[in-house]
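Presented below is the structure to which this report refers.
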Amino acid sequence: CVDVCPVECILPGKPVEQWPWFYIDPDTCIDCGACIPECPYEAIFVEEEVPTDYVAKGGEVLSMPQGTAGYDETWEGEDEHGEPVKVFATRAAEAGEEIDFSPDIPPNYDYFTEGMGYKALDE
40 CVDVCPVECI
50 LPGKPVEQWP
60 WFYIDPDTCI
70 DCGACIPECP
80 YEAIFVEEEV
90 PTDYVAKGGE
100 VLSMPQGTAG
110 YDETWEGEDE
120 HGEPVKVFAT
130 RAAEAGEEID
140 FSPDIPPNYD
150 YFTEGMGYKA
160 LDE
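Encoded structure:
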C-alpha cells in the first residue's frame, strides 16, 4: 500500500512501541483508493466505511500502544523495506470475534498532530 500511494501519505509509526501501525495522513490523502486493494492485511477503509462489526477470520494480528491490557504478545515481521520489525503489544483475534475498528480513527489523526508524522521519514 505504501508503494502505490500517489501522494506518499502512508507512513510507518515511530517509535513503534508507541505508534504500532501505519498511518494515513488525512490532510494529504486524495481518497483515490489505490491503497485499499494493495493492503496485505485488508486494514485500509474509507473513513466512513470503517467497520464497527468486523467478524474476525481468526489469527488477524491486532496491535495497540504498549501497556494496553490484553495486548501482551509480540509479533515479528518485516517493514516496507524488508527489515526485521517487532511489535510488542499485539494479540491474535479469535475466529468469530466481532471487532469495532472505529476507535482506531482518532489515533490515526493523532499521529500527525502529536506523533512524529512526516518526521518519521527522516529516521
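Count along the sequence shown starting at 1, add 39, and that's the number in our numbering.
C-beta atoms are modelled at their ideal positions from N, C-alpha and C, and glycine is treated no differently.
(Q) Just to check my reading of the structure: PRO51 and ALA159 have Cβ atoms closer than 8 Å, yes? What is that Cβ distance to the nearest angstrom? (A) 6 Å
(Q) According to DSSP, is LYS158 part of a helix, a strand, or is it coil? (A) helix
Q | Contact set for CYS48: own chain, Cβ-Cβ below 7 Å, skip 5 residues either direction | A | ILE63, ASP64, THR67, CYS68
Q) Contact check, PRO90 vs PHE140 under 8 Å by CB: the rounded distance? A) 5 Å
Q: Determine which residues share a DSSP beta bridge with PHE115 and list them.
A: Checking the displayed sequence, the identity of residue 115 turns out to be Glu instead of Phe. GLU115 pairs with LYS125.
**Q.** Sequence-distant residues of its chain with Cβ nearer than 8 Å to PHE110 (five each side left out)
**A.** The sequence given here places Tyr at residue 110; Phe does not occur at that position. These residues qualify, in order along the chain: LEU101, SER102, MET103, ALA128, THR129, ARG130.
Q: Please name the residue in ALA108, VAL124, PRO145 whose C-alpha comes closest to that of GLU115.
A: VAL124
Q: Quick one: using the 10 Å Cβ neighbour count with 16 as the cut-off for buried, is VAL85 buried or exposed?
A: exposed
Q. Is it true that the CB of PRO54 sits closer than 8 Å to the CB of ALA73?
A. no
Q: Give the single residue among GLY106, ASP92, TRP58, VAL43 whose Cα lies nearest to the Cα of CYS78.
A: VAL43
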